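Engineer: Positions 220 to 426 (the numbering used here) are the ones given, in order, by the sequence shown. Cβ coordinates follow ideal geometry from the N, Cα and C atoms, glycine included. Predicted model only: the values in this text are computed from it and were never measured.
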Amino acid sequence: YTSGPYGKPIGVMIDNFSVVTSLKVLSDLYPQVESHRYLLKTSFLSDASVWQLFGWIPRGSALVTIGEYREKDNRVTFNAIARERITPIQFAPSLMKLFLLSINPDDYSKLSSLKYILTSGEELFPSQVNIFSKIKDSNPGICLEYLYSSAECTAYASRFSLSQWDNPAKIPLGKPLPRVRLYVLNLYGQLQGIGIPGELYISSAGA
Numbered sequence: 220y221t222s223g224p225y226g227k228p229i230g231v232m233i234d235n236f237s238v239v240t241s242l243k244v245l246s247d248l249y250p251q252v253e254s255h256r257y258l259l260k261t262s263f264l265s266d267a268s269v270w271q272l273f274g275w276i277p278r279g280s281a282l283v284t285i286g287e288y289r290e291k292d293n294r295v296t297f298n299a300i301a302r303e304r305i306t307p308i309q310f311a312p313s314l315m316k317l318f319l320l321s322i323n324p325d326d327y328s329k330l331s332s333l334k335y336i337l338t339s340g341e342e343l344f345p346s347q348v349n350i351f352s353k354i355k356d357s358n359p360g361i362c363l364e365y366l367y368s369s370a371e372c373t374a375y376a377s378r379f380s381l382s383q384w385d386n387p388a389k390i391p392l393g394k395p396l397p398r399v400r401l402y403v404l405n406l407y408g409q410l411q412g413i414g415i416p417g418e419l420y421i422s423s424a425g426a
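#1: If you draw a straight line from the C-alpha of residue 300 to the C-alpha of residue 329, how long is it?
#2: Using the Cα positions of residue 258 and residue 333, report the straight-line distance between them to the nearest angstrom.
#3: If we ignore side chains and look at the alpha-carbon of each, how far apart do residue 296 and residue 229 end up?
#4: What first and last residue would you give for the alpha helix (DSSP H) that runs through residue 273?
#5: Taking residue 397 and residue 377 to be in contact with their CB atoms under 8 Å, please state how far apart those CB atoms are, rounded to whole angstroms.
#6: Do residue 382 and residue 362 have their CB atoms nearer than 8 Å?
#7: What residues match up with residue 257 in a beta bridge as DSSP calls it?
#8: When the Cβ atoms of the stretch 315-324 are set against those of the stretch 341-357, are three or more pairs found closer than 8 Å?
#9: Assign residue 262 to one of two classes, buried (16 or more other C-beta atoms within 10 Å of its C-beta) or exposed (fewer than that).
#10: Leaving out five residues on either side along the sequence, give the residues of the same chain with a beta carbon under 7 Å from the beta carbon of residue 392.
#11: Looking at the C-beta of residue 360, does it have a partner C-beta in chain B at a distance below 8 Å?
#12: Which of the three DSSP states is assigned to residue 330 in this structure?
#13: Candidates 325, 306, 384: which alpha carbon is nearest residue 252's?
#14: Quick one: what's got a C-beta closer than 6 Å to residue 310's C-beta in the same chain, skipping five residues either side?
#15: Could you check which residue in 409, 308, 412, 247 has the C-alpha nearest to that of residue 290?
#16: What number of angstroms, rounded off, separates the C-alpha of residue 416 from the C-alpha of residue 404?
#17: What does the Cβ neighbour count give for residue 227, buried or exposed, with the cut at 16 atoms within 10 Å?
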């Protein structure tokens, strides 16, 4: 199901090929080894759970669960990262902000196992990135990645790595993921010129 941006979640039917394609793309973008450990902290009903549930499989890594109804408990999530040595983790930007603000600066080093924080599902704001930057100062190996998501194309369509961010006013959607094309079209389905507003259309092998 989608996150319900219009007030009500919408069911989206996707097939196995789409899931496998999406997982292969993410596995190539964010290389993993057998020692990597994923954390499942999202309901099965959300499209965001696809990567958490299956992302560890292509390279034979491991999946760690924290138990039903505990996914919004920031202390439980923090303890799981520190205890289980979680390597990639996924948050909506607003939840990432709350999680990072809940951590005592003395405990920043306990996040040292993290390699990637993937954030998606909402607009990412500079203020949220600035909070992450305080964590990164103690853990320079952590990469923050902003993924534009769409359930219809099996979760993700574009990617922007915050290591490239140099504009404090706005964070872009980035570039299309492999096997994805993005088009900005007008009301008549015609391509818009550079800098001209329009609607975003997605063509994807994962659709």
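Structural biologist: So, from the listed chains and residues:
#1: Using only the alpha carbons, I get a separation of about 8 Å.
#2: Each residue's Cα considered, the two are about 11 Å apart.
#3: The alpha-carbon separation between residue 296 and residue 229 amounts to approximately 27 Å.
#4: Taken as a continuous stretch (DSSP letters only), the alpha helix (DSSP H) holding residue 273 covers 268-273.
#5: The Cβ separation is near 11 Å, so there is no contact.
#6: Taking C-beta atoms as the reference points, residue 382 and residue 362 count as a pair closer than 8 Å.
#7: Residue 257 pairs with 282.
#8: Three or more Cβ pairs closer than 8 Å define a contact, and the stretch 315-324 meets that threshold against the stretch 341-357.
#9: Exposed, by the Cβ-count rule.
#10: Closer than 7 Å at the Cβ level, and outside the excluded window around residue 392, lie 367, 377, 379.
#11: Absent here is chain B; the protein component of the structure consists of one chain.
#12: Helix at residue 330.
#13: A check of alpha carbon separations from residue 252 across 325, 306, 384 identifies 306 as the nearest.
#14: Contacts found: 338.
#15: If we check each option's Cα against that of residue 290, 308 comes out closest.
#16: If you take the alpha carbons of residue 416 and residue 404, they lie about 8 Å apart.
#17: Exposed.
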